[in-house]
Amino acid sequence: MLDLSFYKGKKVLVTGHTGFKGTWLCRILVNAGATVAGYSLEPPTNPNLFSAAGLDSKMNSVIGDIRDFGHLKEVFEEEQPEIVLHLAAQPIVRDSYKDPRYTYETNVMGVVNLMECVRLFPCVKSVLNVTTDKVYYNNEWCWGYREDEPLDGFDPYSNSKSCSELVTHSYNNSFFVKQKTAVSTARAGNVIGGGDFANDRIIPDCVRAVAAGKTICVRNPYSIRPYQHVLEPLTVYLTIAAMQYEDSSYQGYYNIGPDDCDCVTTGDLVDMFCKCWGEGAEWVCQAEENAPHEANFLKLDCSKIKAKIGWKPRWHIEKCIEMITQFSKVWLANGDIPIEMDREIKEFLED
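According to the numbering used here, the sequence shown is numbered sequentially starting from 62.
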């Protein structure tokens with residue numbers, strides 16, 4: 062599916078490169094021989110994966126705010142990117158309740174700023190805007206949402222990502238068809254993997270708890286979520302960006318989610334983690350009173366991406382947990398993170 066040799070020598074701009082997914086993505090691109098530039102805020106957590114990933118000397122890392130159009134435009138002028146992968150976002154549902162204005166400014170106007178730069182710089186031939194499975198109006202159906210379902214996320218994060226999709230569609234229809242710039246959006250499900258230190262995410266919460274010798278606290282063990290390893294969507298993003306670069310008929314709106322067997326309850330996920338971790342790892346249910354609304358169930362129908370590019374998930378949930386455990390134990394032992402990342406990337410691509 063993915064021939065990384067395509068990226069050798071290509072100029073690629075990654076927004077949100079200091080985040081969890083962005084760091085993994087840049088590691089893949091650097092290894093592939095791409096000329097990589099990143100535009101992002103400082104790493105969002107401490108500790109963080111970007112600082113340990115050995116990327117500073119291998120790419121041009123620009124610290125900037127996606128809301129700052131002037132600065133972003135300067136980076137486009139300097140880098141003249143051929144491919145743009147947009148991951149910069151305020152990505153946490155619960156944080157969007159705390160600061161909805163910042164969430165909308167980042168997730169909506171940030172996309173406007175990005176698309177405006179793409180409009181002004183015809184060097185860009187391929188753009189991918191990464192959104193979320195939460196863009197859909199959620200009926201909590203037992204079947205997956207298709208790309209033509211209504212967009213209307215409930216909470217400020219999800220809704221801002223719905224708006225981001227609409228902004229992308231408008232710019233594409235208004236400008237990029239004439240400009241011959243291929244544009245797609247990618248709606249990925251819940252992503253897990255080694256090196257995620259975000260707040261209010263179940264796997265980082267698990268790792269933090271076991272590292273401190275504490276019991277894992279789970280807010281809602283009965284919520285069903287579609288989990289996939291971080292390398293699953295990243296390799297699809299790179300595939301879409303490469304294929305539409307060479308043939309614009311591949312541009313469009315794509316769901317990227319796991320198979321049904323990987324849609325599990327949070328409690329089952331934590332059970333798997335505890336079993337794989339060993340050493341007395343355990344969890345308890347600790348429900349919160351007056352907690353903000355979070356959807357109980359949402360999954361994607363990924364028939365389109367499977368038919369269009371021949372994709373299918375490589376690592377199922379048990380393998381994901383195994384890799385997260387291995388990575389986390391390397392991290393906690395102060396091991397070599399770039400080597401561990403490259404090992405996982407190589408194993409994933411060979412599977």
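The beta-carbon is built from N, C-alpha and C at its ideal position, and this holds for glycine as well.
As the structure is a prediction and not an experimental result, all values here were calculated from the model.
- Beta-bridge pairing by DSSP links ALA249 to ILE317.
- Around GLY125, the same chain offers TYR100, HIS132 as residues with beta carbons nearer than 6 Å, after the five sequence neighbours per side are excluded.
- Where TYR100 is concerned, the enclosing beta strand (DSSP E) starts and stops at 96–101.
- In the DSSP annotation of this structure, TYR206 is not part of any alpha helix (DSSP H), being labelled neither H nor E.
- Taking one beta carbon from each stretch, the stretch 293–312 and the stretch 321–337 have fewer than 3 pairs nearer than 8 Å; the two do not touch.
- Within the DSSP secondary-structure output, TYR197 pairs in a beta bridge with LEU212.
- Nearest to ILE263 by alpha-carbon distance, out of THR246, TYR283, ALA247, ARG404, is TYR283.
- In the three-state reduction of the DSSP assignment, ILE124 falls in the strand class, which pools E and B.
- Taken atom to atom, the span from the alpha-carbon of GLY339 to that of GLU138 is near 51 Å.
- With contacts defined by Cβ atoms closer than 8 Å, GLU343 and ILE277 form a contacting pair.
- By the Cβ-count criterion, LEU181 is exposed, with fewer than 16 other Cβ atoms from all chains shown falling within 10 Å of its own Cβ.
- At a cut-off of 4 residues, the continuous stretches assigned as alpha helix (DSSP H) that sit fully inside the stretch 356–383 are 364–370.
- Sequence-distant Cβ neighbours of GLY94 in its own chain, meaning closer than 7 Å and more than five residues away, are TYR68, LYS69, GLY70.
- When rounded, the separation of the alpha-carbon atoms in GLU140 and ILE285 is 42 Å.
- ILE144 is positioned such that its CB atom lies no closer than 8 Å to that of VAL238.
- Under the DSSP definition of a beta bridge, ARG286 partners with VAL325.
- In summary, SER118 is exposed, with fewer than 16 beta-carbon neighbours lying within 10 Å of its beta-carbon over all protein chains present.
- SER157 and PRO217 have their alpha carbons spaced roughly 5 Å apart.
- In this structure, VAL169 sits away from VAL179, with a CB-CB distance that is not shorter than 8 Å.
- Between SER122 and the set GLY83, CYS203, LEU359, the nearest pair of CA atoms involves GLY83.
- About 6 Å separates the beta carbon of MET384 from that of GLU405, a gap short enough to meet the 8 Å contact definition.
- In the structure shown, the three-state DSSP call for HIS132 is helix.
- Under the DSSP assignment, LEU146 falls in the beta strand (DSSP E) whose first and last residues are 144–147.
- Between the alpha carbons of LYS369 and SER309 lies a distance of about 13 Å.
- A distance below 8 Å between beta-carbons, with the five flanking residues on each side excluded, links GLU103 to the following residues of its chain, in chain order: THR79, ILE124.
- In the DSSP annotation of this structure, SER225 is not part of any beta strand (DSSP E); the continuous alpha helix (DSSP H) holding it starts and ends at 217–232.
- Cβ-Cβ distances below 8 Å link ALA113 to GLY256, TRP392, ILE398, PRO399 in the same chain, with the five nearest sequence neighbours on each side left out; the list follows chain order.
- The beta carbons of THR229 and VAL172 sit closer together than 8 Å.
- Following the DSSP letters along the chain, one finds CYS87 in no beta strand (DSSP E) but inside the alpha helix (DSSP H) bounded by residues 81–92.
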